[in-house]
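Going by the UniProt record's numbering, the sequence shown opens with residue 1, and the numbers climb by one from there. Don't be surprised by glycine CBs; every beta carbon is placed ideally from N, CA and C. A quick note: this is a predicted structure, and the numbers were derived from the prediction, not measured. Notes follow once the structure below has been shown.
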Amino acid sequence: MGKQRYELKWDLDCFFPGGSASPQFEHFVSDLSRRMDELKRDIMKLAKLNPANPDRWHETLTRAQEATSRLYQANAFVSCLTAQDVKDEKAKLWRGRLTQLGAAYRAAMTAMDDALLNVPDSDWTVLLQDERLQPIAFFLEERRQHAKERLSPEMETLAGDLSVDGYHAWGQLYNTVVGRMQIPLEEKGKTVHLSVGQASNRLSHPDRRVRQSTFAALEKAWSQEAELCAASLNHLAGYRLNLYRHRGWNSVLKEPLDDNRMSAETLETMWQVIEKNKPRLIYYMDRKALLLGVDALSWYDLSAPLPGEEKQIPYDEAADFITEQFGHFDPEMAKFARHAFENRWIEAEDRPGKRPGGFCTSFKLSRQSRIFMTYAGTASNVSTLAHELGHAYHQYVMNDLPEFAQQYAMNVAETASTFAELIVTDAAIRHASSDKEKLKLVEDKLQRAVAFFMDIHARFLFETRFYERRKQGPVSVEELNALMLQAQKDGFHHALNVYHPYMWASKLHFYITGAPFYNFPYTFGYLFSTGIYARALAEGPSFARKYVALLRDTGRMTVEDLARKHLGVDLTQPEFWQSAVDTVLEDVDLFLELTETK
Numbered sequence: 001m002g003k004q005r006y007e008l009k010w011d012l013d014c015f016f017p018g019g020s021a022s023p024q025f026e027h028f029v030s031d032l033s034r035r036m037d038e039l040k041r042d043i044m045k046l047a048k049l050n051p052a053n054p055d056r057w058h059e060t061l062t063r064a065q066e067a068t069s070r071l072y073q074a075n076a077f078v079s080c081l082t083a084q085d086v087k088d089e090k091a092k093l094w095r096g097r098l099t100q101l102g103a104a105y106r107a108a109m110t111a112m113d114d115a116l117l118n119v120p121d122s123d124w125t126v127l128l129q130d131e132r133l134q135p136i137a138f139f140l141e142e143r144r145q146h147a148k149e150r151l152s153p154e155m156e157t158l159a160g161d162l163s164v165d166g167y168h169a170w171g172q173l174y175n176t177v178v179g180r181m182q183i184p185l186e187e188k189g190k191t192v193h194l195s196v197g198q199a200s201n202r203l204s205h206p207d208r209r210v211r212q213s214t215f216a217a218l219e220k221a222w223s224q225e226a227e228l229c230a231a232s233l234n235h236l237a238g239y240r241l242n243l244y245r246h247r248g249w250n251s252v253l254k255e256p257l258d259d260n261r262m263s264a265e266t267l268e269t270m271w272q273v274i275e276k277n278k279p280r281l282i283y284y285m286d287r288k289a290l291l292l293g294v295d296a297l298s299w300y301d302l303s304a305p306l307p308g309e310e311k312q313i314p315y316d317e318a319a320d321f322i323t324e325q326f327g328h329f330d331p332e333m334a335k336f337a338r339h340a341f342e343n344r345w346i347e348a349e350d351r352p353g354k355r356p357g358g359f360c361t362s363f364k365l366s367r368q369s370r371i372f373m374t375y376a377g378t379a380s381n382v383s384t385l386a387h388e389l390g391h392a393y394h395q396y397v398m399n400d401l402p403e404f405a406q407q408y409a410m411n412v413a414e415t416a417s418t419f420a421e422l423i424v425t426d427a428a429i430r431h432a433s434s435d436k437e438k439l440k441l442v443e444d445k446l447q448r449a450v451a452f453f454m455d456i457h458a459r460f461l462f463e464t465r466f467y468e469r470r471k472q473g474p475v476s477v478e479e480l481n482a483l484m485l486q487a488q489k490d491g492f493h494h495a496l497n498v499y500h501p502y503m504w505a506s507k508l509h510f511y512i513t514g515a516p517f518y519n520f521p522y523t524f525g526y527l528f529s530t531g532i533y534a535r536a537l538a539e540g541p542s543f544a545r546k547y548v549a550l551l552r553d554t555g556r557m558t559v560e561d562l563a564r565k566h567l568g569v570d571l572t573q574p575e576f577w578q579s580a581v582d583t584v585l586e587d588v589d590l591f592l593e594l595t596e597t598k
């Protein structure tokens with residue numbers, strides 16, 4: 001066996017040597033703290049300028065963007081530390097310190113909002129015409145508009161300060177709970193204790209008995225933590241509802257829709273089109289149940305592989321395949337991927353102590369990204385790797401833009417990742433050496449379609465209903481289970497045999513304080529990207545430059561304007577969404593065809 005060409009462990013020392021004990025990082029954070037104080041003072045002086053002075057605004061906004069990039073750098077480093085070792089106690093302390101710095105940053109930006117509001121309308125127009133401010137004009141307009149819809153700067157600052165040990169602390173409780181949980185499971189006649197992440201990986205085990213017993217053990221473990229999780233979830237929702245009430249907001253979707261720069265009409269149209277097309281996915285689910293030898297799929301069958309041995313793909317082979325396929329679309333994208341593999345941007349080693357899942361984070365000052373995942377040689381791992389490289393490529397094509405023009409929302413953040421994943425997955429299907437291999441790859445794609453159309457829709461239904469119920473007071477564990485069960489039955493069109501009522505406790509996304517309703521943006525990004533991918537297939541290599549232009553605009557316009565400018569489509573109407581759904585569901589026909597005689 002030849003030597004491993006690409007390292008499976010990332011390089012973090014190039015940023016701050018020594019991990020969580022790094023003296024350089026200690027100095028960086030102390031310096032950042034000082035910069036935050038100075039920034040707030042500078043911004044408060046801006047508010048008193050009358051008329052608005054473009055030179056002073058430019059200087060202060062440049063410093064604000066520098067501080068933003070530095071905060072990203074620090075947060076990215078700590079995210080990497082806590083992911084690579086869930087027991088890194090020093091890194092957890094850094095997370096707390098950065099939460100406080102985040103509050104200081106938000107206080108400075110709240111002062112910025114006050115300064116923006118203080119500029120008279122006539123001066124505002126002149127200010128935005130200054131060529132130095134034009135590249136971030138969208139960002140400034142957006143902040144000014146949002147500031148008009150919030151509390152006074154003093155009240156917003158107070159809310160931000162109190163949220164450090166209130167709102168955000170309740171969100172971080174989830175990590176504490178997950179970190180201490182041990183799932184007892186039988187293995188070769190002995191009881192082994194696995195982390196939640198390790199146990200969750202077994203839900204894609206080929207043996208149904210293993211999946212069933214693992215699911216039962218996980219549900220039991222979460223039931224034992226349910227009261228604590230319910231307290232956390234209730235307090236998070238209570239905080240949001242109270243803050244929204246004081247701001248005069250009557251919809252819990254206002255903040256997530258504003259954050260994602262999209263209209264309620266677009267969101268509703270997307271879900272309506274998906275709901276109408278779910279029956280086509282159920283054909284696949286019924287056929288998969290037949291192949292697994294069961295009457296209907298249960299929750300723990302959703303990620304189950306089809307019978308037969310799965311091809312193992314060495315990491316080097318996956319890296320080469322991804323790079324090659326990116327190159328067929330755009331040589332620049334392939335060059336970028338090769339650089340990421342060669343320069344240890346990726347943490348892929350399969351070892352204990354890592355957190356579950358995968359992510360990509362950006363070190364803005366260094367103009368680099370880091371990708372986290374656990375690579376076990378499956379086709380699904382290859383897709384995940386391509387997906388996260390797509391995120392990194394998105395950041396790469398924006399690196400030369402001002403920081404405030406790079407602030408793209410979560411829904412479009414999924415655009416480049418899903419696009420990259422589709423390039424690689426479809427290529428793998430084309431290159432499959434047998435129908436069996438092709439079938440497994442198509443099935444993997446359809447698992448994702450079920451996740452985006454049904455599972456995430458169920459999470460969205462649960463969360464909207466939970467917030468309505470929470471307005472009347474705290475919601476009990478039993479009620480939360482009932483809400484989740486009903487949402488899953490509705491989301492999956494009653495197609496499953498066994499559901500996952502404790503998902504409200506186990507899913508990290510419900511506890512994320514930085515982004516409320518951490519669900520629908522995934523489905524939006526998945527379908528938006530699929531529509532773009534269909535356009536790329538139709539137009540060929542000439543689309544690569546258009547694609548980069550679209551990505552570069554993701555931080556400086558609404559999604560409706562983005563789609564109108566680069567694709568010529570109206571996202572509030574069903575046509576685009578239907579064409580994207582049709583592209584996804586073509587795989588159902590292929591799956592049924594490949595399994596017809598089996």
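Other residues of its chain near residue i: CB distance less than 7 Å, five sequence neighbours each side excluded
i	result
MET503	MET484
N- and C-terminal bounds of the beta strand (DSSP E) containing residue i
i	result
SER369	368–372
VAL450	Here VAL450 belongs to no beta strand (DSSP E); instead the alpha helix (DSSP H) covers 435–450.
Beta-carbon spacing of residue i, residue j below 7 Å
i	j	result
LEU297	LEU594	no
LYS436	GLY308	yes
GLU342	SER383	no
ASP444	ALA379	yes
ILE274	PHE453	yes
SER79	THR418	no
LEU562	VAL397	no
MET518	HIS509	Inspection of the sequence shows that residue 518 is occupied by Tyr rather than by Met. For TYR518 and HIS509, yes; Cβs fall inside 7 Å.
PRO54	LEU117	no
PRO521	ASN381	no
LEU81	ALA348	no
THR110	GLU156	yes
Residue i, DSSP secondary structure in three states
i	result
LEU185	strand
PHE510	helix
TYR6	coil
HIS494	coil
THR554	coil
MET112	helix
MET262	coil
SER163	helix
TRP170	helix
SER417	helix
LYS90	helix
PRO23	helix
GLU142	helix
ARG56	helix
PRO279	helix
THR378	coil
Sheet register partners of residue i (DSSP bridge)
i	result
ILE346	ILE371
HIS193	PRO184
Sequence-distant residues of its chain with Cβ nearer than 8 Å to residue i (five each side left out)
i	result
GLN573	THR269
residue 602	No statement about residue 602 is possible, as the shown extent of the chain runs from 1 to 598 and does not include it.
LYS471	LEU241
LYS87	GLY179 and GLY353
ARG97	VAL29
ARG239	A quick correction: the sequence has Tyr, not Arg, at residue 239. Here the set comprises SER163, GLY166, TYR167 and TRP170.
LEU151	ALA159, HIS246 and ARG247
Own chain residues within Cβ distance below 6 Å of residue i, not counting five before or after
i	result
ARG338	THR323
GLU255	PRO516
ARG469	VAL475
VAL569	ALA563 and PHE576
LYS598	Low confidence applies to LYS598: its pLDDT is 47, below 50, so where it sits in the model is not reliable enough to give any reading.
PHE460	ASN519 and PHE520
Segment limits, alpha helix (DSSP H) that includes residue i
i	result
PHE359	Element bounds for PHE359: not the alpha helix (DSSP H) but the beta strand (DSSP E), 359–363.
ASN399	From DSSP, ASN399 is part of no alpha helix (DSSP H); its letter is neither H nor E.
GLU225	208–247
PRO574	574–594
GLN325	315–329
ASP121	121–128
LEU537	520–539
THR464	456–470
LEU562	559–567
CB contact check: residue i to chain D, cutoff 7 Å
i	result
GLY377	In the structure shown, chain D does not exist; there is a single protein chain.
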